[in-house]
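Have a look at the structure below before the remarks.
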Amino acid sequence: MKLKNPTVLRTAAALSTLTAGALVTVVLTTGAHSAPLDPVGAPAAGSPTVTASPTAAGSPPASASADAAPAPSGSPAGSGAASNAVAAPPTQLPDSASPKPAATAPSGSPAGSGTASNTKAAPPAPLPAAQLPDSAAAQWKPIAPPHTQPVRHQIQLNECADVNGAATWQQQGYVSSFHTPAIQDTFTFADAAAAQDSYHAVLTAMDGCQATSAARQTASKITPDAQVTRTATTADGSAYARQWTGVAPISAAGRQTNHIYVVQRGSVLTVLQYAVPATTTGATPQTPDDDQKQLALIDAQLTTAAGN
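At position 125 of the sequence shown (counting the first as 1) the number is 124 in numbering that gives the first Met the number 0, and the numbers step up by one without a gap.
Right, dumping it as structure tokens:
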């Protein structure tokens with residue numbers, strides 16, 4: 000099976016060189032392995048699941064240079080089996096780079112009648128790298144410009160949570176000075192109620208993530224050591240920290256801490272994740288107060304984008 004669109008692919012070939020794991024794993028059927036994704040071909044029938052999760056990384060992505068220059072538009076993203084793929088955010092698709100104005104509804108048409116997915120505003124811009132957690136030490140840089148695409152399938156965020164029912168999906172990848180990854184996935188929905196339903200589904204999954212992670216470890220013959228805590232909350236967001244020995248292929252192997260920030264505002268849901276391997280030297284441990292401030296930053300970003 001192959002994907003027609005270059006979804007989260009621009010730096011796929013470079014990111015597949017990571018020695019400790021993949022930044023983003025795309026799963027079209029079941030399971031995932033480290034192999035570049037061929038963007039050419041028609042999408043498979045059915046409802047594929049796409050996994051978008053940052054993992055602890057060893058060596059830096061070849062494309063994540065000191066200047067983090069984006070790849071030229073139309074550059075190849077690697078080739079290989081599409082059912083077992085490693086990928087990362089590419090540049091915008093041509094039609095998403097210049098959003099088309101919404102069509103005017105005929106007089107007398109009920110609001111939101113059948114055209115919501117075509118008239119939906121573009122997702123808000125991702126966080127500036129300087130606003131990511133521990134930015135002073137991590138010196139985050141974008142891997143490439145954000146990529147936005149329509150979606151009709153389930154997006155798996157990590158081993159525990161997924162997103163269903165989104166109309167569009169925007170993904171932005173970052174790399175730190177420690178050669179560790181971060182990913183911001185932003186989803187737009189038909190309306191605020193749908194976004195809120197998905198938000199609560201993600202929180203429910205993350206509240207049960209400790210048991211889910213331990214089960215994954217047991218299945219992989221790793222002594223269960225996962226500890227997941229909700230570290231901060233706001234009216235529209237929640238933050239989590241997971242300390243565990245990671246299980247491939249979604250996460251890299253080895254002891255690490257994963258940070259997950261989930262915020263919903265109106266019809267938009269965004270999830271920021273990053274991983275810190277236990278061997279990382281110089282990273283600043285995040286406190287609950289740090290996570291509270293990070294949620295506030297993300298909420299402010301969404302509020303400004305919505306013009307509220």
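Note that beta-carbon positions come from the ideal geometry of N, C-alpha and C, so glycine has one too.
Query                                                                                                    : Result
Contact check, residue 238 vs residue 301, beta carbons under 8 Å                                        : no
Boundaries (first-last residue) of the beta strand (DSSP E) holding residue 238                          : 236-245
Residue 146 in three-state terms, based on DSSP                                                          : strand
Beta-bridge partners of residue 223, as assigned by DSSP                                                 : Residue 223 is not bridged to any residue.
Own chain, CB closer than 6 Å to residue 213, minus 5 neighbours either side, in chain order             : 223, 225
Where the alpha helix (DSSP H) containing residue 180 begins and where it ends                           : Residue 180 -> not in any alpha helix (DSSP H); beta strand (DSSP E) instead, spanning 180-187.
DSSP state of residue 152 mapped onto helix, strand, coil                                                : coil
Beta-carbon gap between residue 160 and residue 201 smaller than 8 Å                                     : yes
Residue environment, residue 143, which counts as buried when at least 16 other CB atoms sit within 10 Å : buried
Nearest neighbour of residue 286, chosen from 123, 133, 251 [CA to CA]                                   : 133
Reduced DSSP secondary structure (H/G/I, E/B, other) of residue 195                                      : helix
Minimum C-alpha distance to residue 282 - residue among 256, 266, 268, 269                               : 256
Spatial distance of residue 309 from residue 251 (CA atoms)                                              : The displayed coordinates of the chain run from 0 to 307. Any statement about residue 309 would go beyond what the structure contains.
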